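Start counting the sequence shown at 447; every next residue gets the next number (the numbering used here).
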Amino acid sequence: MTRFSPTLLKEIADERGSLVALEGGRDVPFEIKRVYYVYGTTPGVSRGFHAHKTLRQFLVCVNGSCSVEMDDGEYREQVALDRPSNGLYIAPMVWHAMHGFSSDCVLVVLADGHYDETDYVRDYDEFRTLTNRS
Ligand code: T46
Numbered sequence: 447m448t449r450f451s452p453t454l455l456k457e458i459a460d461e462r463g464s465l466v467a468l469e470g471g472r473d474v475p476f477e478i479k480r481v482y483y484v485y486g487t488t489p490g491v492s493r494g495f496h497a498h499k500t501l502r503q504f505l506v507c508v509n510g511s512c513s514v515e516m517d518d519g520e521y522r523e524q525v526a527l528d529r530p531s532n533g534l535y536i537a538p539m540v541w542h543a544m545h546g547f548s549s550d551c552v553l554v555v556l557a558d559g560h561y562d563e564t565d566y567v568r569d570y571d572e573f574r575t576l577t578n579r580s
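Structure, rendered in structure tokens:
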């Protein structure tokens, strides 16, 4: 177990295949207000490179794989998301960047707030100042 370990989601599998259910406040540690997904990424690109001041998010790679670099200003770790039964919680003020997208990657993100550009911290020095670890 590390600081940013993915959550193992319950798979309901039978002879027809598998199903994972994500319920806000149960499987996901907040009520879900927004869902978006990233797919068709250009080969070799990375995305993200920001923290959120208050937004909480939960990432699931429902197809393919990618890795997520997580950094809380004190500790940094790469987390692999390579199966639909793994979810990654991203708390506020965790700098994150997604790398190594497979060509078939579909990354679904659940969030507890609507899109708000003012909630982003996109400058790493500002992030370090805000986390008081500059
Ligand atoms: C995050 C990581 C995991 C919207 O209009 N509505 C939305 O809900 C989102 C998420 C984005 N946008 C617009 C804003 C930009 O013009 O879509 C464009 C691409 O967004 P961005 O460059 O922020 O995408 P990523 O992949 O770098 O980051 C996204 C989320 O924005 C971010 O909150 O944590 O995925």
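Every residue gets a Cβ at the ideal spot worked out from N, C-alpha and C, and that includes glycine. In this text, all values refer to a predicted model and were calculated from it rather than measured experimentally.
Cut-off 8 Å between Cβ atoms - residues of its own chain near residue i, not counting five sequence neighbours on either side
i    : result
V481 : V554, V555, L556, A557
H442 : The structure shown does not extend to residue 442, since the chain is modelled only from 447 through 580, so no value can be given for it.
S513 : Q524, V525, A526, L527, M544, H545, G546
P538 : A497, H498, K499, T500, L501, R502
E477 : G470, G471, D558
D550 : N509, G510
Closer than 6 Å: residue i CB and nearest the ligand T46 heavy atom
i    : result
Y483 : no
D555 : One point to set straight first is that residue 555 is Val, not Asp, in the sequence displayed. The answer is yes for V555.
R472 : no
Y561 : yes
G510 : no
G486 : no
G463 : no
R493 : yes
Contacts around residue i, its chain only, beta-carbon distance under 7 Å, and the 5 residues preceding and following it disregarded
i    : result
T448 : E523
S531 : L454, L455, E457, V466
Expected contact under 8 Å - CB spacing of residue i and residue j to nearest Å
i    : j    : result
L466 : L455 : The residue asked about is misnamed: residue 466 is Val in this sequence, not Leu. Yes, they are in contact, since the Cβ atoms of V466 and L455 sit about 5 Å apart, within 8 Å.
I536 : L505 : 7 Å
L534 : P452 : 5 Å
G510 : S548 : 4 Å
Nonlocal neighbours in the same chain, by C-beta distance under 6 Å from residue i, ignoring five residues either side
i    : result
D517 : W541
Y485 : V552
F450 : M516, E523, V525
L468 : V474
G494 : H542, A543, M544
S464 : E457
Where in the region 529 to 579 do unbroken runs of the alpha helix (DSSP H), each at least 4 residues long, occur, reported from the N-terminal end onward?
570 to 576
Along the chain, which unbroken stretches of the beta strand (DSSP E) at least 3 residues long are found entirely within the region 480 to 516?
480 to 485, 493 to 498, 503 to 509
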